[in-house]
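J.: Quick note on the working numbering: the sequence shown kicks off at 147 and runs consecutively. All residues carry an ideal CB built from backbone N, CA and C; glycine is no exception.
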Amino acid sequence: MASTLDQVSAETEQALIAQAAASGLSVDDYLKRLLGVANNIPQIISGSVEEFIQAMESLAEKDVQPLPRDFSREDIYFP
147 MASTLDQVSA
157 ETEQALIAQA
167 AASGLSVDDY
177 LKRLLGVANN
187 IPQIISGSVE
197 EFIQAMESLA
207 EKDVQPLPRD
217 FSREDIYFP
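And the structure:
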């Protein structure tokens with residue numbers, strides 16, 4: 147059985163090796179980081195739009211006062 151990596155060109159392989167080395171990682175760890183599988187992070191998140199909205203609403207703070215109409219970015223950096 148042929149490996150999936152047999153489908154990767156030599157040029158792509160060299161680029162991966164170089165990028166991994168520049169990041170101080172092995173090629174395997176570098177690919178895991180790129181794919182989002184490092185640290186058990188799920189690579190594909192499924193769910194409906196409704197579930198997403200519900201999750202975002204659960205993170206929102208309650209009873210937050212609106213900002214003044216004249217509030218600008220300058221108010222953040224130069225109070």
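1) To the nearest whole angstrom, what separates the beta carbons of V154 and I163, a pair I think is in contact under 8 Å?
2) Could you check the C-alpha separation between A168 and E207 for me, to the nearest Å?
3) Within 10 angstroms of the Cβ of Y176, are there 16 or more other Cβ atoms? Answer buried if so, exposed if not.
4) Which residue marks the beginning of the alpha helix (DSSP H) containing P181, and which one marks its end?
T.: Judging by the given coordinates:
1) Translated into the one-based positions of the sequence shown, residue 154 becomes position 8. Translated into the one-based positions of the sequence shown, residue 163 becomes position 17. Wrong, their Cβ atoms sit about 11 Å apart, outside the cutoff.
2) On the sequence shown, residue 168 is found 22 positions in, with the first residue counted as 1. On the sequence shown, residue 207 is found 61 positions in, with the first residue counted as 1. Rounded to the nearest angstrom, the two C-alpha atoms are 41 Å apart.
3) Taking the sequence shown and counting its residues from 1, one reaches residue 176 at position 30. So Y176 counts as buried.
4) The sequence position of residue 181 within the sequence shown is 35, counting from 1. First, the residue type needs correcting, since residue 181 is Leu and not Pro in the sequence shown. It spans 173-181 - the alpha helix (DSSP H) in which L181 sits, taken as one unbroken run.
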